[in-house]
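Heads up: the structure comes next, in structure tokens.
Residue numbers (the working numbering): 1479 to 1847.
Have a look at this one:
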């Protein structure tokens, strides 16, 4: 336990997670600090059971954060949420666990949170990546869930449902600001109805509903659902076209935060879209080889749409090594300076600035004596 002086900091992050049939009620991360001479309690994740609700609350609600940063005089501040199921609570102290993972004291974590850093940023400053931090927290919280199943607090089915959402919820926690540097509260709602759709092989469009009092939106992208999300842009509209370094036939995952001068909202739900396959260059068709003399063979083939040039390859055996002998911008080529009475094998590729086609079929011809 420790003191932080006259300024007290309360950062509560609540995930609603009601299960049908009367089970998991609230998962709360609460940090309560005290003033001079008083102790600080971090109640962590407290999961209570109240016998009400639906699984949808867990799936849809996300995390709403409430931040207070003010002067408190002469009293202990404590925040505890969640209702008891008999005498049992499922408790997970994320601040203490992060401190343990980083091998620092809790006061250091709290000081950095007060300074406006996220848990992910704090971890990075100790050379622990966000992915590593999340992995360790998932393992620890997974143990807590397992213990709750053993104690009969939740069922195995409910534990599985929680674990399915655990990565997303913990990601929101470690990337959230528990306090902003101005000491102001933020009540921005999370972005709703985010959708993603492919606009070809190298573009994905995003749309979402506007958030009251938001002045801009931060867009984050990853290449896997539980991967590292990188902020790719900030916009003032409720739509966005991502055309930055997208590969064809690839799935990308997105989430969005609302922003104003007081802070940021929780993340939206995660959506994804898969880019289309690119219109790949076709291999040249109808390649033919015609003997012209003892030293010349003429090649012709059908032109390929979107091709800007063609590579010609030659070998002296069907399955031998083919060497590129020429590049041409037309759909024909005459190979000269050949040996007499010799059989040559050819194949061709179509080319443009971004890609190369597969090989054509192989053809052959034998020069005259």
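Heads up, the beta-carbon is just placed ideally off N, CA and C, and yes, glycines get one too.
Since this is a predicted model, take the numbers as computed values, not measurements.
Checklist entry - Could you give the residue range of the alpha helix (DSSP H) that holds residue 1623? => result Unbroken alpha helix (DSSP H) run through residue 1623: 1608-1629.
Next on the checklist: Strictly by DSSP, which residues pair up with residue 1790?
Outcome noted: According to DSSP, which records beta bridges pairwise, residue 1790 is partnered with 1804 and 1826.
Next on the checklist: With a threshold of 7 Å on Cβ separation, who are the neighbours of residue 1804 within its own chain once the five nearest residues in sequence on each side are excluded?
Outcome noted: Result list for residue 1804: 1790 and 1811, in chain order.
Checklist entry - What's the call for residue 1649, buried or exposed, on a 16-neighbour Cβ count within 10 Å? => result Buried, by the Cβ-count rule.
Next on the checklist: On the DSSP bridge list, what partners appear for residue 1767?
Outcome noted: DSSP lists 1777 as the bridge partner or partners of residue 1767.
Item to check | Within 8 Å, strictly: CB atoms of residue 1818 and residue 1845 | outcome: When the beta-carbon positions are compared, residue 1818 and residue 1845 come within less than 8 Å of each other.
Next on the checklist: Contact between the region 1640-1649 and the region 1669-1684 is defined here as three or more beta-carbon pairs at a separation below 8 Å; is this criterion met?
Outcome noted: With a cut-off of 8 Å, the region 1669-1684 and the region 1640-1649 do not count as touching, because too few Cβ pairs lie within range.
Item to check | residue 1750 and residue 1766 closer than 8 Å at C-beta | outcome: For residue 1750 and residue 1766, no; Cβs fall outside 8 Å.
Checklist entry - In whole angstroms, what separates the C-alpha of residue 1815 from that of residue 1770? => result Their Cα atoms are separated by approximately 12 Å.
Item to check | residue 1541 versus residue 1651 - alpha carbon distance | outcome: Residue placement at residue 1541 cannot be trusted, given a pLDDT of 34 that sits under 50; what the coordinates show is reported in the next sentence. C-alpha separation (whole angstroms): 8 Å.
Checklist entry - Hey, out of 1685, 1699, 1796 and 1676, whose CA is closest to residue 1711's CA? => result Taking only the C-alpha atoms, the option nearest residue 1711 is 1699.
Checklist entry - Going by Cα to Cα distance, which pick from 1761, 1773 and 1806 is closest to residue 1843? => result When only C-alpha atoms are compared, the closest one is 1773.
Next on the checklist: Which residues does DSSP list as the beta-bridge partners of residue 1735?
Outcome noted: In the DSSP assignment, residue 1735 forms a beta bridge with 1696.
Item to check | Three CB pairs or more closer than 8 Å across the region 1820-1837 and the region 1781-1797 | outcome: Touching, per the Cβ criterion.
Checklist entry - Going by alpha carbons, who is nearest to residue 1754 out of 1776, 1721, 1797 and 1696? => result Considering only alpha carbons, the answer is 1721.
Checklist entry - If you run the structure through DSSP and keep just helix, strand and coil, what is residue 1685? => result Reduced to three states, the DSSP call for residue 1685 is strand.
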